Amino acid sequence: MQRFLALAGLCLAVFLAMTGMGLIVAALPEKYLRCQGGLHAAGWLSASFALASMACQYPAGRLADRVGARFVLAAGFALMAGSAVTYALAETPPWLFAGRALQGAGEAPVWALAPAVLARLYPERRGRVMGLYNAAFHLGLMAGPLLGAWGAARLAGDPFTAFGWLCLAAMGLALVVPYGRPGRATAGVARAGVARLPRVLLALLPALPLAGAAYGLLTSSLPVHLAGQAGYDSRALAWVFFQVYAGIALSQGLAGRLSDRLGRLPFLVGGLAVMAAGLWGATASARGLGQAAFPALGLGLGAFTVASLALVNDRCPATARGRACGLYYLVWGLGYCAGPLVANSLGLPATVAILAALALAAAVLVGWTALGPGSRPLAD
Numbered sequence: 007m008q009r010f011l012a013l014a015g016l017c018l019a020v021f022l023a024m025t026g027m028g029l030i031v032a033a034l035p036e037k038y039l040r041c042q043g044g045l046h047a048a049g050w051l052s053a054s055f056a057l058a059s060m061a062c063q064y065p066a067g068r069l070a071d072r073v074g075a076r077f078v079l080a081a082g083f084a085l086m087a088g089s090a091v092t093y094a095l096a097e098t099p100p101w102l103f104a105g106r107a108l109q110g111a112g113e114a115p116v117w118a119l120a121p122a123v124l125a126r127l128y129p130e131r132r133g134r135v136m137g138l139y140n141a142a143f144h145l146g147l148m149a150g151p152l153l154g155a156w157g158a159a160r161l162a163g164d165p166f167t168a169f170g171w172l173c174l175a176a177m178g179l180a181l182v183v184p185y186g187r188p189g190r191a192t193a194g195v196a197r198a199g200v201a202r203l204p205r206v207l208l209a210l211l212p213a214l215p216l217a218g219a220a221y222g223l224l225t226s227s228l229p230v231h232l233a234g235q236a237g238y239d240s241r242a243l244a245w246v247f248f249q250v251y252a253g254i255a256l257s258q259g260l261a262g263r264l265s266d267r268l269g270r271l272p273f274l275v276g277g278l279a280v281m282a283a284g285l286w287g288a289t290a291s292a293r294g295l296g297q298a299a300f301p302a303l304g305l306g307l308g309a310f311t312v313a314s315l316a317l318v319n320d321r322c323p324a325t326a327r328g329r330a331c332g333l334y335y336l337v338w339g340l341g342y343c344a345g346p347l348v349a350n351s352l353g354l355p356a357t358v359a360i361l362a363a364l365a366l367a368a369a370v371l372v373g374w375t376a377l378g379p380g381s382r383p384l385a386d
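Numbering (the numbering used here), first residue to last: 7 to 386.
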């Protein structure tokens, strides 16, 4: 019963926080323009978030390995609530950038630590519970814009205030749910657990930035391309995001559960391949390929992410999973930052072509490496 309460509580907490995040998706750019922000500096709304998140991923995981995840997770939600206050009070663009940095720092443990906690509580069903958590994450991102369109944020005064209250509710849940006994280890043991990565995890290292780059393009360059080249209006773009996030949520719920039974490999390789095809098709939407490509992009991203994150937790000792998950999202975040920057230089079609080729090559590499020794998970 205790581990079920932990699963339900963490899923509800991240759903609430991401619903709040979905509420401010449209409000934040409007606030930036009201603060006299210019287009030349708008990229810092993304960059400040990503840089702070990457900087905090590994330290948050390391701290949680030493003291437990409860207060680190709660602190993450508290920082997200602090970012909501900063957004609401901001009168100049630098304050909005500061709020995005606070939000990125707060989301670092929310992305990395909860999956590590669930992996320890459910060693026999890691993929399933991590898929449920990540599905709740993206269901919140789907629900937020819908609630915003219905004016639900007015109940709290404005979207930023609603975001803050939802993050505080998530913080309360993170403090009260039962986590079980945290693993303890000396620093030397924990370091060794991460240092001795099996070959298949080393093969994941080049694949993780590719998935991060695809997600970064989805949230930046791709919408601009669809609006400018394919004539998508705001409603059409909202439908695009709904399809992609629905694909992510669906595939993470299903692929996580099935990977516990069938193994991680089919979802690692298949996820990379479907992601590459979906991203390429999305950029070709002006030729009528996009409508099928958007859910495919979500399905591929979701399947690869849940299978790879479950694999990391399979192969790392319990006393090092927090920092291992932090390292996972740190490497993923490098691609998230680099993908849009490369697209700015080369253009989106060329970037997507390169990314798709690299993703297919990474799928072959992961598949070949996974056939070698060391395929069994470590016991807790």
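Just so you know, even glycine gets a beta-carbon here, dropped at the ideal spot from N, CA and C.
Since this is a predicted model, take the numbers as computed values, not measurements.
Could you pull out every residue in the same chain whose Cβ sits closer than 6 Å to the Cβ of P115, ignoring the five residues on either side in sequence? Counting only Cβ-Cβ distances below 6 Å, and skipping sequence neighbours, we find A66, V78, L79 and G82.
Taking Cβ to Cβ, would you say P99 is nearer than 8 Å to Y38? yes
Between the segment 244–252 and the segment 357–376, do at least 3 Cβ pairs fall closer than 8 Å? no
So A111 and L95 are supposed to be a Cβ contact under 8 Å. How far apart are they, rounded? About 18 Å separates the two Cβ atoms, so there is no contact after all.
I need the straight-line Cα distance from R329 to G237, nearest angstrom please. 44 Å
Write down every uninterrupted run of the alpha helix (DSSP H) in the segment 87–158 whose length is 4 residues or greater and which is fully enclosed by it, in chain order. With a minimum length of 4 residues, the continuous alpha helix (DSSP H) runs that stay inside the segment 87–158 are 99–127 and 132–155.
Taking all protein chains shown into account, decide if M27 is buried (16 or more other Cβ within 10 angstroms of its Cβ) or exposed. buried
State buried or exposed for R351, treating a residue as buried only when at least 16 other CB atoms are found within 10 Å of its CB. Before going further, note that residue 351 is Ser rather than Arg in the sequence given. By the 10 Å Cβ count, S351 comes out exposed.
So, using beta-carbon positions, are R132 and D266 closer together than 8 Å? The Cβ atoms of R132 and D266 sit closer than 8 Å to each other.
How about G170 and A90: are their beta carbons less than 8 Å apart? yes
Could you tell me if A193 is buried or exposed, where buried requires 16 or more neighbouring beta carbons within 10 angstroms of its beta carbon? Any reading at A193 must be qualified, since the residue scores a pLDDT of 39, below 50, and its modelled position is unreliable; the value itself is stated next. It is exposed - the Cβ of A193 has fewer than 16 other Cβ atoms within 10 Å.
Sequence-distant residues of the same chain with beta carbon closer than 6 Å to C93, five excluded per side: Going by the sequence as given, residue 93 is Tyr instead of Cys. Hits under 6 Å: G105 and F166.
Taking only three categories from DSSP, how would you classify G218? helix
R270, DSSP secondary structure in three states: The answer is coil: DSSP assigns R270 none of H, G, I, E or B.
For M281, the three-state DSSP class (helix, strand or coil): Shown here, M281 sits in a helix according to DSSP, grouped into three states.
For Y334, report the span of its alpha helix (DSSP H) as first-last. R327 to L352
Can you grab the Cα-Cα spacing for the pair W338 / A58, in whole Å? 14 Å
The segment 312–323 / the segment 126–143 touching (three or more Cβ pairs under 8 Å): Verdict: yes, contact present.
Let me check understanding here. Comparing Cα to Cα, which of L108, L22 and R9 lies closest to A53? L108
CB of G332 to nearest heavy atom of the ligand GTP: below 7 Å? You won't find the ligand GTP in this model; it holds no ligand whatsoever.
Distance check for L228 and L51, CA to CA, integer angstroms please. Their Cα atoms are separated by approximately 16 Å.
Residue range of the unbroken alpha helix (DSSP H) whose run includes G15: Counting along the chain, the alpha helix (DSSP H) containing G15 begins and ends at Q8 to L29.
Which same chain residues, not among the five before or five after R263, have their C-beta less than 7 Å away from its C-beta? Here the set comprises G133, R134 and G137.
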